[in-house]
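Structure first, commentary second.
2 protein chains.
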Amino acid sequence: MSLVIIGTFNIDTIETPQVRKERIAGGSGTYAALAASFFTQPGIVGVIGEDFPGEILDIFKEKKIDTHGLETRKGKTFFWEGRYGDDPNQRTTLKTEINVLHGYEPRIPVEYKKADIIFLANIDPDLQEDILDQAENPQLVAMDTMNFWINKKPDALLRVLRRVNIFFANDEEVKMLVREANLVAIGRQLLTKGPKLSVIKKGEHGVLILDEKFVCAIPAFPSECVVDPTGAGDCFAGGFLGYLDKVRSCEEADVRRAAVYGTVMASFAIEDFGIDRFRTLTFSEIEERYEAFRKLVSF
Amino acid sequence: MSLVIIGTFNIDTIETPQVRKERIAGGSGTYAALAASFFTQPGIVGVIGEDFPGEILDIFKEKKIDTHGLETRKGKTFFWEGRYGDDPNQRTTLKTEINVLHGYEPRIPVEYKKADIIFLANIDPDLQEDILDQAENPQLVAMDTMNFWINKKPDALLRVLRRVNIFFANDEEVKMLVREANLVAIGRQLLTKGPKLSVIKKGEHGVLILDEKFVCAIPAFPSECVVDPTGAGDCFAGGFLGYLDKVRSCEEADVRRAAVYGTVMASFAIEDFGIDRFRTLTFSEIEERYEAFRKLVSF
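Protein sequence lines, in the order shown, are assigned to chains A and B.
Going by my numbering, the first sequence opens with residue 1, and the numbers climb by one from there.
Going by my numbering, the second sequence opens with residue 1001, and the numbers climb by one from there.
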């Protein structure tokens, strides 16, 4: 077991100006694990209710995602409902039902304990910390979060941040954490809070990555038709870490390539609702887009 | 005479949270011409008042900018005063005084009439059209504009747009012109309005360039210390067109390199107030940053 992902496994209802999709699978863990599964065989930790679609569990199996850490509890799966505006960057949360996440105590299965890479995808930072305490000696710990936790549990979040190597967050979130407008300066300040690598996700504007020695700026893949942006950031992180797990290295050159693979996975995710694009996606399509990306930024 | 630039030649007062700079040289023509002068010897068309700093005219001379088209009229130079917030993307215009621009009728000097490249930098679209009527047979016409003209003279602006090859505008502006949220779709729609190339400037997020056959996405150069963002877009366009004039070609590969040189010129411009960074900038510094940019996006 090399990459273990803890996150949420949701049922989402998503509304865009064109379409409303009722009760489809979502969540940070679902998206990140599926994106990573194109590069490696991740294990997942999280909780679902009795209504989580069996069909998605079949996809996890087919993609060789280890589900020993996915607990099924009595009751309903964590539910989120959101609406996107004409501008897909404008998202409104309409409803959140914690359901089985209430009182959930994550347990890492014995076979996950020696994971080399732990990804604490977006979830309550107390649960992220709990998992981190159970891992034995990970080589690399990455975390993601969201504005909700920065507001609600800043202390717990900063405690986890001190223990991670890679911090993924979007531009709005990092501006909440570091009171500063310049993203390069923010990225550097984040490095003083624990992580060795700041990965600032900027949605349609790509990603800015800083460590102490290098800066990497990667535009987003230009997508003319964004069907559903839900999970794009989780897929970025999943692709990024899946690639690092595959190459078993975290040198600058690996990080740069991981950023492009992450970008490619996010660009596929938004082409259809929920995880639907991953149903048919092939690795050769991923490689093809990776090469198209090379062309995009060439000069 | 190969590149001719029409634009405004201002006196600006600029306030940032740290510093207030009174009455320094600015304007779309000033910035674009200085940026272009590192690659070629542009001619400029515009009007100044008696109070325009002679010291700046000396810099134009030193940089071999042809000022035969720069008319001096009685009265005061066009004046703009603006304030930036802690986030340099937030700009408030405090004062605008038209002064000598009032009733100005631009005249292209005879020696400019055979210009290969005409750059209609941001100025009243009626003046842009007037200049275009006076040019004899330019190979390449580029234009820039601003939200003010999109609101105030949309018909004149669209008339000019039909006659240009390259359209530079920022993301806010193009969203006003094309009612659509997706920048790739906007870029494509702009191509139906006249230009062969849409160049969408996104400030700190870089630039997105589309023609019928290719897409080019270039991040901004990561600047940790933005002193004064005024004129960054004009310097981008000036560097872009100066480079195209230098290489005398406009193939895809040239456009991609031009975009990086434009990005580099904008990144220098914002490092000091007004045009101050260009006083000491050398071509080898430009080449050095161009190479650093290659590293930035490499993978």
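Ideal Cβ placement from N, Cα and C applies to all residues, glycine included.
Close beta carbons around residue i, own chain, < 8 Å, minus the five adjacent residues each side
| i | result |
| --- | --- |
| D1272(B) | V1227 and D1228 |
| L1244(B) | I1117, L1140, C1250, D1254, V1255 and A1258 |
| G75(A) | G49, E50, N99 and V100 |
| F236(A) | A35, F168, K201, V207, G262, T263, M265 and A266 |
| F1052(B) | F1009, I1011, A1025, T1072 and T1077 |
| L281(A) | F38 and F268 |
| Q1189(B) | V1178 and E1180 |
| G1274(B) | D1012, I1014, K1021, I1024, A1025, G1026, D1228, T1230 and G1231 |
| N170(A) | I200, K201, K202, G203 and G233 |
Chain B within 9 Å of residue i, Cβ atoms only
| i | result |
| --- | --- |
| N182(A) | yes |
| H102(A) | no |
| K63(A) | no |
| H205(A) | yes |
| L208(A) | yes |
| A185(A) | yes |
| K196(A) | no |
| K201(A) | no |
Residue i at chain A interface by Cβ criterion, 9 Å
| i | result |
| --- | --- |
| G1085(B) | yes |
| D1088(B) | One point to set straight first is that residue 1088(B) is Pro, not Asp, in the sequence displayed. It does: the Cβ of P1088(B) has a partner Cβ on chain A nearer than 9 Å. |
| A1266(B) | no |
| K1213(B) | no |
| R1188(B) | yes |
6 Å CB neighbourhood of residue i in its chain, flanking five on each side removed
| i | result |
| --- | --- |
| W80(A) | N10, D12 and T96 |
| Y1084(B) | T1016 and R1091 |
| F119(A) | I5, A142 and L241 |
| T41(A) | The amino acid occupying residue 41(A) in the given sequence is Gln; Thr does not appear at that position. Once the five neighbours on either side are set aside, the close Cβ partners of Q41(A) are K64. |
| T72(A) | I48 |
| S1037(B) | K1063 and I1065 |
| K1193(B) | L1161 |
| D1086(B) | P1017 |
| L1197(B) | I1166 and D1211 |
| T1030(B) | F1009 |
Cβ neighbours of residue i in the same chain (closer than 7 Å, five flanking residues each side left out)
| i | result |
| --- | --- |
| P1088(B) | V1226 and P1229 |
| L1157(B) | P1125, T1145, W1149 and I1150 |
| I1270(B) | S1223, V1226, V1227, D1228, P1229 and A1232 |
| Y290(A) | V260, Y261 and V264 |
| P195(A) | L161, V164, N165, I166 and F167 |
Residue i Cβ short of 8 Å to the ligand COA heavy atom set
| i | result |
| --- | --- |
| Y104(A) | The ligand content of the structure shown is nil, which means the ligand COA is not present either. |
Where residue i falls, given that 16 or more other Cβ within 10 Å makes a residue buried
| i | result |
| --- | --- |
| F1283(B) | exposed |
| Q1128(B) | buried |
| P17(A) | exposed |
| P1154(B) | exposed |
| D58(A) | exposed |
| L94(A) | exposed |
| N1137(B) | exposed |
| M1277(B) | The sequence shown places Arg at residue 1277(B), rather than the Met named in the question. That one is buried. |
| K1175(B) | buried |
| E1212(B) | exposed |
| F1214(B) | exposed |
| S1028(B) | buried |
| G1054(B) | exposed |
| D130(A) | buried |
| H102(A) | exposed |
| E173(A) | buried |
Below-9 Å beta-carbon distance, residue i vs any chain E residue
| i | result |
| --- | --- |
| S2(A) | Here the protein chains are A and B, and chain E is not one of them. |
- Message: Short of 9 Å Cβ to Cβ, which residues in the stretch 1216-1232 of chain B face chain A?
- Response: C1216, A1217, I1218, P1219, A1220, F1221, P1222, S1223, E1224, C1225 and V1226
- Uninterrupted beta strand (DSSP E) stretches inside the stretch 2-45 of chain A (no shorter than 3 residues): 3-6, 10-15 and 20-26
- Residues of the stretch 270-298 of chain A with Cβ closer than 7 Å to any Cβ of chain B, in chain order: L296, V297 and S298
- Query: Taking a cut of 8 Å between CB atoms, which residues from the stretch 229-260 of chain A lie near chain B?
  - Reply: A253, R256, R257, A259 and V260
- Jot down the residue ranges of each uninterrupted alpha helix (DSSP H) in the stretch 1136-1169 of chain B, minimum 4 residues, whole runs only, in chain order. 1147-1152 and 1154-1161
- Query: What are the uninterrupted segments assigned as alpha helix (DSSP H) that are 4 or more residues long and contained completely in the stretch 62-137 of chain A, given in chain order?
  - Reply: 125-134
- With a floor of 3 residues, list each beta strand (DSSP E) that falls wholly inside the stretch 1158-1231 of chain B, ordered by position along the chain. 1166-1170, 1197-1201, 1207-1210 and 1215-1218
- Message: Restricting to runs no shorter than 3 residues, where is the beta strand (DSSP E) found entirely within the stretch 1231-1260 of chain B?
- Response: none
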